[in-house]
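A.B. asks: Residue 1 is where the sequence shown starts when you use the UniProt record's numbering, and the numbers rise one by one after that. Using N, Cα and C, we set each Cβ at its ideal position, and we do this for glycine too.
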Amino acid sequence: GHIANTLYTFANLYAPNKAQHRFIATSLRKVIDFAEGTLILGGDFNVPLAPLADTSKGTTSLPLPLHILRSVGKTLHSHRLADCLRAQHPEGRDYTFFSQPQQPYSRLDYFFLQHYHLHTLKAASIGTATWSDHAPIHITLTSPLYRPASFSWRLNDSFLAKESLIADSEQVLETYFAENTTPDISDPVIWEAHKCVIRGHYIKKGAELKQRATQISDLVLQISDFESLHKRDADPTHVVTLTTMRRSLAELMNTLHHRTGLQTKAFFHTHGDKCGR
């Protein structure tokens, strides 16, 4: 698809925990056949490509023969695919997966770009594992064709799904019209002014929601700090603390997920097939 008038192909692989080299080689042949523009390959490869750097113990906990690692590396090299995180952080050590039974950390999840598109890679990082046992990976790409849109205020759709907020809004409107509907003020002026009042009301409620976003951000930072401690010293008590904080984060994010669901439904309703289109 096109993003900012630039053609991209996104591919996601989820490799099995055996014979990863065969799966990756077969999948990549199929991907390369239909790929157009900039290929962004990501997913769970179920193998630390460089065990010395990609595991906390310096060795993989999986029953992984050496020829599998060599074969995967050769396949990636033959397609000119470069590890985004390693390209940005050649000496860094971070991980995406924690194994409860063996207690080591591993980097099993990757993003790859073909080397002639690496100049578009601006940043790459590993996030904090929250609701999943795998941590997310983030990459930022640049495009010379991208032009940011100017900001314009829009109503938060999730406000329309909250009964308490709807009741507050109705009360604000009732009070406004009761206080301002007088013979001295024309109806058009009253109507136009009420838009400013209700917008200010929603902006105020949006500011209150930002406090929740701040709580989420602070909690994610705390989880990240405890993850770093646990990666370094493997203290079992940190696992209990991490589990508690992740549960709290999941509760805070329920509202966010609800809003995202509404936005997704609205998008597909607007852009989906319709009679006469």
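Taking the alpha carbon of residue 39 as the reference point, which residue from 85, 86 and 111 has its own alpha carbon closest?
C.D. replies: Within the sequence shown, numbered from 1, the residue matching residue 39 stands at position 39. Cα-wise, what sits closest to residue 39 is 111.
A.B. asks: How close, in whole Å, do the beta carbons of residue 47 and residue 66 come, if the pair is a contact with beta carbons under 8 Å?
C.D. replies: Translated into positions along the sequence shown, residue 47 becomes position 47. Translated into positions along the sequence shown, residue 66 becomes position 66. Wrong, their Cβ atoms sit about 12 Å apart, outside the cutoff.
A.B. asks: Does DSSP put residue 122 in a helix, a strand or coil?
C.D. replies: For the purposes of this step, residue 122 is identified with residue 122 of the sequence shown, where counting begins at 1. Reduced to three states, the DSSP call for residue 122 is strand.
A.B. asks: Are the beta-carbon atoms belonging to residue 4 and residue 143 less than 8 Å from one another?
C.D. replies: Position 4 of the sequence shown, counting from 1, holds the residue named residue 4. Position 143 of the sequence shown, counting from 1, holds the residue named residue 143. Cβ atoms of residue 4 and residue 143: closer than 8 Å.
A.B. asks: I'd like the list of long-range same chain contacts for residue 94, defined as Cβ closer than 6 Å, with 5 residues on each side in sequence excluded.
C.D. replies: One-based indexing of the sequence shown puts residue 94 at position 94. If we look at residue 94 and ignore the five residues flanking it on each side, its Cβ neighbours are 126.
A.B. asks: Pull up the CB-CB distance for residue 252 and residue 223, whole angstroms please, since I reckon it's below 8 Å.
C.D. replies: Here the question's residue 252 lines up with position 252 in the sequence shown. Here the question's residue 223 lines up with position 223 in the sequence shown. Not a contact, Cβ separation roughly 12 Å.
A.B. asks: Note down, one range per segment and in chain order, each beta strand (DSSP E) of at least 3 residues found wholly within the region 61–110.
C.D. replies: Within the region 61–110, the complete beta strand (DSSP E) segments of 3 residues or longer fall at 81–83, listed in chain order.
A.B. asks: Taking just the CA atoms, how far does residue 41 sit from residue 10?
C.D. replies: Walking along the sequence shown from the start, residue 10 turns up at place 10. Walking along the sequence shown from the start, residue 41 turns up at place 41. Rounded to the nearest angstrom, the two C-alpha atoms are 6 Å apart.
A.B. asks: Run through DSSP, which three-state label would residue 244 get?
C.D. replies: Working through the sequence shown from its first residue, we reach residue 244 at position 244. Helix at residue 244.
A.B. asks: Provide the residue span of the alpha helix (DSSP H) that contains residue 214, from first to last.
C.D. replies: Working through the sequence shown from its first residue, we reach residue 214 at position 214. From DSSP, the alpha helix (DSSP H) with residue 214 extends over 187–233.
A.B. asks: Under a three-way DSSP split, which group does residue 17 fall into?
C.D. replies: Taking the sequence shown and counting its residues from 1, one reaches residue 17 at position 17. Residue state, collapsed to three classes: coil.
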